[in-house]
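Anchor point for the sequence shown: position 491 equals 878 in the working numbering, and the numbering is continuous, going up by one each time. This report refers to the structure that appears directly beneath it.
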Amino acid sequence: MPEKLGDPFSYLPSDAVLDAFKDFLTNLDSDDALKTELQKGKMIGVLVVKNSNGEIGYLLSFSGQLFGKNEHPGFVPPVFDILTPDSYYRSGEKEISAIGKEIKNLENVLKLESAMVNKNSVVVECETRLAEYQEFTKQQKILRDSLRPTATAEEIQKMNNESSTQKNQLKRLKQEVEKAKLAANIPVDQLKNQIDNLKKQREEKSRNLQRRIFRDFRFHNTKGDEKTLLDIFSDEVMPPSGAGECAAPRLLEYAYRNDYQPISMAEFWIGDSPSGRVRHSGTYYHACRSKCLPIMNFMLEGVDLEKNKLDFDYENEEIKTLYRDDDILVISKPSGLLSVRGKESQTSVETWAENICRDYSGPKIVHRLDQDTSGIMVIALNINAYHHLQKQFENHSIKKKYVALTEKIPSIKEQTIILPLAPDVSNRPMQMISREYGLYAETYYKVVNEKEGKALIDVYPQTGRTHQIRVHLSCKEGADAPIVGDRLYGSKSIVCRLMLHAEKITFEHPNTQKEMTFEDKAPFGL
Numbered sequence: 388m389p390e391k392l393g394d395p396f397s398y399l400p401s402d403a404v405l406d407a408f409k410d411f412l413t414n415l416d417s418d419d420a421l422k423t424e425l426q427k428g429k430m431i432g433v434l435v436v437k438n439s440n441g442e443i444g445y446l447l448s449f450s451g452q453l454f455g456k457n458e459h460p461g462f463v464p465p466v467f468d469i470l471t472p473d474s475y476y477r478s479g480e481k482e483i484s485a486i487g488k489e490i491k492n493l494e495n496v497l498k499l500e501s502a503m504v505n506k507n508s509v510v511v512e513c514e515t516r517l518a519e520y521q522e523f524t525k526q527q528k529i530l531r532d533s534l535r536p537t538a539t540a541e542e543i544q545k546m547n548n549e550s551s552t553q554k555n556q557l558k559r560l561k562q563e564v565e566k567a568k569l570a571a572n573i574p575v576d577q578l579k580n581q582i583d584n585l586k587k588q589r590e591e592k593s594r595n596l597q598r599r600i601f602r603d604f605r606f607h608n609t610k611g612d613e614k615t616l617l618d619i620f621s622d623e624v625m626p627p628s629g630a631g632e633c634a635a636p637r638l639l640e641y642a643y644r645n646d647y648q649p650i651s652m653a654e655f656w657i658g659d660s661p662s663g664r665v666r667h668s669g670t671y672y673h674a675c676r677s678k679c680l681p682i683m684n685f686m687l688e689g690v691d692l693e694k695n696k697l698d699f700d701y702e703n704e705e706i707k708t709l710y711r712d713d714d715i716l717v718i719s720k721p722s723g724l725l726s727v728r729g730k731e732s733q734t735s736v737e738t739w740a741e742n743i744c745r746d747y748s749g750p751k752i753v754h755r756l757d758q759d760t761s762g763i764m765v766i767a768l769n770i771n772a773y774h775h776l777q778k779q780f781e782n783h784s785i786k787k788k789y790v791a792l793t794e795k796i797p798s799i800k801e802q803t804i805i806l807p808l809a810p811d812v813s814n815r816p817m818q819m820i821s822r823e824y825g826l827y828a829e830t831y832y833k834v835v836n837e838k839e840g841k842a843l844i845d846v847y848p849q850t851g852r853t854h855q856i857r858v859h860l861s862c863k864e865g866a867d868a869p870i871v872g873d874r875l876y877g878s879k880s881i882v883c884r885l886m887l888h889a890e891k892i893t894f895e896h897p898n899t900q901k902e903m904t905f906e907d908k909a910p911f912g913l
């Protein structure tokens, strides 16, 4: 048994929790209904616990709902069940839904009323008179213009007075049309005001219902402290929808309420991957940050968490200098090191370069590698070099080659993947496939070696989106082959790093304009 509980946001599943998950899967084979339901895709939480008698067991939970309910036999109950038959949530939802139906009905009436405005008899009559008079004044002007060359001064004055009178009459007719339309629009304006008031009423009821629910979601920690979701997220920031309904908080809350000691916890995805997101059935994933991080930070206050044994110690790895002149610095970054300063860590390639290049106008990071990716980076040592290299990246004239070791052999050995990528806002820093909001992303790959169910792949990204290679190789629409060590996108292998390396780069020197190629062989293979 592990001595410490793992960090939910950076952990390696223990043997104990893996055995518990296997036991769950074995039992699942005898429950066809649950198996079918889970195949739709669900995150399952597993928590190994010890009771007051020293007995070891495990708890199960799920995120969201199963069969449209918050509870299911064999799983811990929700922290707060909003779906009970007598729940104020149900009555509140009915009220909000009723307002929504009323708004929809009024909007349909509004469309009819708006369409009828221009068919109003008074409006039509005024517009007809206006149109006829406009045509009359037009013909009168033509007549006056033809008479002016031979007219006397007295006749010209008379024509000017006539023109002025007709303009005033035209103005009055236009005003009559506007008045008629305003009168006809009164029912429309009343409907609009009624709809706006109902929308405000619906919004207020929804907000009050949410706040009441968030107040009833009460969490505890090992010190016995209690906080509601509103306390945890503070009154200034409303908790995100679904907060408190994820698997990990459910497990810990049930354990605390029943005096169980948490020993080891993990979350596993079962079933199909959600649309656009990368999930592999049977693979463990870390807790989501958008909903769970504030909650788990409170629930784990005072708990000495186990450091992830597989966190790569980049401090024992050197940054290799491959080339340096007065314009550029070419290096090879170890896995685990940030390319630029982060919120929680100042140690990065950027800070390293600033320390060793103090005599230059300021080293600038032209492109980045993911923290977990190793390999070649090019650093500009002056502003001219920076702009020159940046333009090459923007024009996609720089050629890059990566090497990846994948969990399985892709069924298609060589292909170009074009799938647009966007941030997964509820699971940062993960990216997702989004044809609506994503940016164009293109990756070409070729399998170069196969052994024991794994593949060594040469990868040539044509664009440089965040996590592009990782998502394109892992997702089912792409290669469907997660990179070994990729704890974000579905790797099951227990290794100390992501097996992705930027091995080769070709670009034009910003000063000499000569083509330059640098290569640093991947520190892994088959």
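Glycine residues also receive a C-beta, built at the ideal position from the N, C-alpha and C atoms.
Linking Gly461 to Cys633 through their CA atoms gives a straight-line distance of about 16 Å. Fully enclosed beta strand (DSSP E) runs of no fewer than 3 residues occupy 707-711, 715-720 of the segment 681-761, in order along the chain. A contact is defined here as three or more CB-CB pairs under 8 Å, and the segment 470-480 fails this definition with respect to the segment 661-678. With respect to the 7 Å criterion, Val564 and Glu522 are not classified as neighbours on the basis of their beta carbons. Distance from the Cα of Leu399 is smallest, within the candidate group His888, Arg874, Phe911, for Arg874. When DSSP reads this structure, Pro848 sits in a beta bridge with Thr830. Contact annotation: Leu826 and Glu864 have beta-carbon atoms that are not nearer than 7 Å. Look at the beta carbons and you see the segment 400-418 touching the segment 648-655: at least three pairs across the two are nearer than 8 Å.
By the criterion of a C-beta distance shorter than 8 Å, Lys429 is surrounded in its chain by Phe449, Ser450, Gly451, Leu453, Trp656, Ile657, Gly658, once the five residues flanking it on both sides are discounted. A residue is called buried when at least 16 other Cβ atoms come within 10 angstroms of its Cβ; Gly877 meets this threshold and is buried. For the pair of segments examined, the segment 897-906 was found to touch the segment 768-779: the number of CB pairs separated by less than 8 Å reaches three.
Secondary structure at Gly432: strand, using DSSP grouped into helix, strand and coil. In the displayed model, His667 falls within coil according to three-state DSSP, outside both helix and strand.
Linking Glu442 to Gln648 through their CA atoms gives a straight-line distance of about 10 Å.
Distances from the CA of Glu705 to each of Arg745, Gly762, Arg516 were compared; the closest alpha carbon is that of Gly762.
Cβ contact annotation for Arg637 (same chain, cutoff 7 Å, sequence separation greater than five): Gly432, Ser448, Val463, Pro465, Val466, in chain order.
Leaving aside the five residues that flank Glu489 on each side, the residues in its chain whose CB is nearer than 8 Å to its CB run, in chain order, Leu585. Comparing C-alpha distances from Lys720 to each of Asp713, Ile766, Glu688 shows the shortest one belongs to Ile766. In terms of Cβ geometry, Ser813 and Ser662 do not form a close pair [threshold 7 Å]. Beta-bridge analysis with DSSP links Thr793 to Ala842, Ile870.
Under the three-state reduction of DSSP output, Met625 falls in the coil class, being neither helix nor strand.
Comparing alpha-carbon positions, the option among Thr853, Val624, Lys786, Gln553 lying closest to Arg755 turns out to be Thr853. Of all C-beta pairs linking the segment 540-548 to the segment 479-493, fewer than three are shorter than 8 Å, placing the two stretches out of contact. Between Ile582 and Leu493, the gap from beta carbon to beta carbon is short of 7 Å. Pairing Ser726 with Ile752, the inter-Cα distance amounts to about 8 Å. Excluding residues up to 5 positions away in sequence, Phe396, Ala674 lie with their Cβ nearer than 8 Å to the Cβ of Leu680 in the same chain.
Residue Ser593 holds the alpha-carbon nearest to the alpha-carbon of Tyr475 among Met388, Ser593, Lys427, Glu823. According to the DSSP assignment, Leu808 belongs to the beta strand (DSSP E) that extends over 808-810. When the beta-carbon positions are compared, Thr793 and Ala842 come within less than 7 Å of each other.
Sequence-distant Cβ neighbours of Asn836 in its own chain, meaning closer than 6 Å and more than five residues away, are Leu843, Leu913. For Pro649, the enclosing beta strand (DSSP E) stretches over residues 648-657.
For Lys778, the enclosing alpha helix (DSSP H) starts and ends at 770-781. By the neighbour-count criterion, in which a residue is buried when 16 or more other Cβ atoms sit within 10 angstroms of its Cβ, Ser735 is buried. Taking the C-beta atoms as reference points, Ile870 is found nearer than 7 Å to Ala791. No residue range can be given for Phe467, since it is assigned to no alpha helix (DSSP H) and is classified by DSSP as neither H nor E.
With a beta-carbon spacing of about 7 Å, Tyr832 and Asp845 fall inside the 8 Å limit used to define contacts.
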